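In my numbering, the protein residues as written are 1 to 287.
From the three backbone atoms N, C-alpha and C, an ideal C-beta is built for every residue, glycine too.
These numbers come from a predicted model, not from an experiment.
What follows is a short report on a single structure.
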């Protein structure tokens, strides 16, 4: 699925919910074995329960890689169970020198045919370019993340590459900018919004209006709603654009809505609640 198809799906379904399949083998509900098959069966049940409410699924590869070869097999089986009507994300945060990134791109765009992958841009354009060479795929670049550590580097104010004292952002009319703003601006010049998304954490709701004003056409993948405390209302109010422009991810709130035999039913209920709220925000913007 490409961005144009994702836009149509959002409009048709009136949802921009992404379900995160960050499946922790130690937290499977009662009745599931803590092994590859248990993960596969659990993921399939979650997918089946949430299909009607979401438009995308994000597989956090770390939870699968930690299982070794069985984990990769579980990831492959999970991806195969997601229908083509839904956008798929490999949350892998890859990024390395060009020839290495080319292998990562092949892994997650060919061997495991995801629609998109998250990428860390720290090493610069040649580390991201191999992903962009896949014209029918989407590269999701880390912008401003939701973790506390984002203050360590992303929020540093820079001018001509030199760290400066903290001052208001360039997005508010100043000549200086924080590092994440410079990164996003530079990355946006490498390709079009039809091929590039940015990660913007839900806990950064105070920033999202300025970020949206600076990047009016790009999609944002927004983690951090639910257990991390991000506000869907704030993110939607300031982040939606004329095409929707958001994929709001919920993982633990849906996956672990119940640890009992009713886990799938409870997951469906939480997903439906997000869907209902998103309908209201989209309707208010006439999308």
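Comparing C-alpha distances from residue 102 to each of 225, 126, 91, 247 shows the shortest one belongs to 126.
Just so you know, the alpha carbons of residue 91 and residue 283 end up roughly 30 Å apart. Boundaries of the beta strand (DSSP E) harbouring residue 118: 116-119, taken from the DSSP string. A direct Cα-Cα distance of roughly 15 Å separates residue 119 from residue 193. In the displayed model, residue 122 falls within coil according to three-state DSSP, outside both helix and strand. Membership of residue 109 in any alpha helix (DSSP H) is not indicated, and neither H nor E is assigned to it by DSSP.
Per DSSP, reduced to three states, the secondary structure at residue 197 is strand. Nearest Cα to residue 280 within the set 220, 236, 72: 236.
The DSSP-derived three-state label of residue 244 is strand. Ranked by Cα distance from residue 116, the options 53, 58, 39 are led by 58. Beyond the five residues adjoining it in sequence on each side, residue 76 comes within less than 7 Å, by CB distance, of 112 in the same chain, given in chain order.
If you ignore the 5 residues before and after residue 18, its C-beta comes within less than 8 Å of the C-beta of 54, 55, 56, 57, 58, 87, 89, 221, 247, 248, 249, 250, all in its own chain and listed in chain order. About 5 Å separates the beta carbons of residue 204 and residue 144, which is inside the 8 Å limit, making them a contact pair. DSSP places residue 32 outside both helix and strand once states are collapsed to three, so it counts as coil.
Unbroken beta strand (DSSP E) runs of no fewer than 3 residues, entirely contained in the stretch 31-67, are found at 56-60, following chain order. Pairing residue 241 with residue 216 gives a Cβ-Cβ distance under 8 Å.
Residue pairing of residue 140 in beta bridges, as defined by DSSP: 118, 197. Your pair residue 15 and residue 275 checks out as a contact, with CB atoms roughly 5 Å apart and the cut at 8 Å. With contact defined as three or more Cβ pairs closer than 8 Å, the stretch 68-85 and the stretch 27-34 are not in contact. Beta-bridge annotation (DSSP): residue 128 is not paired with any residue.
Assigned with DSSP and collapsed to three states, residue 213 falls in helix.
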